[in-house]
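**Q** Using the numbering used here, the first residue of the sequence shown is number 4, and each one after it goes up by one.
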Amino acid sequence: MELQFIQVFLYQLIVKDLPSLSLEQLDNLIKKYDQLQLIVLNEISLIGKRILKFIDPQLRSIKCIHTKFFGNLDVINPREFYQV
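#1: Locate the alpha helix (DSSP H) running through D30, then write down its first and last residues.
#2: Please state the DSSP three-state secondary structure of I79.
#3: Do you know offhand how far K71's Cα is from L62's?
#4: Taking only the alpha-carbon atoms, compute the straight-line gap between L26 and K56 and give it to the nearest angstrom.
#5: Grab me the residues of N75's own chain with a C-beta within less than 8 Å of its C-beta, minus the 5 sequence neighbours each way, in chain order.
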């Protein structure tokens, strides 16, 4: 169930060009994903640079680590880059 929420949340960030998170939203996400350590990006060929650039600052804010890409989360891409 948790994985599905993350997928929906990221989809909303990607598709809707949401404005910056409010302090309340950010605080809720920080608490909810405090233990998050790993993100799996399946179908990397469909994601693209624009979307990765959009997700990166959101994750940095949620994880409160602004000096590391994706908030210092491990990112796994199980697909082959030959497809890109």
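The beta-carbon is built from N, C-alpha and C at its ideal position, and this holds for glycine as well.
**A** In brief:
#1: Under the DSSP assignment, D30 falls in the alpha helix (DSSP H) whose first and last residues are 26-35.
#2: In this structure, I79 counts as strand in the three-state DSSP scheme.
#3: 10 Å
#4: 21 Å
#5: Excluding sequence neighbours, N75 sits near K66, I68.
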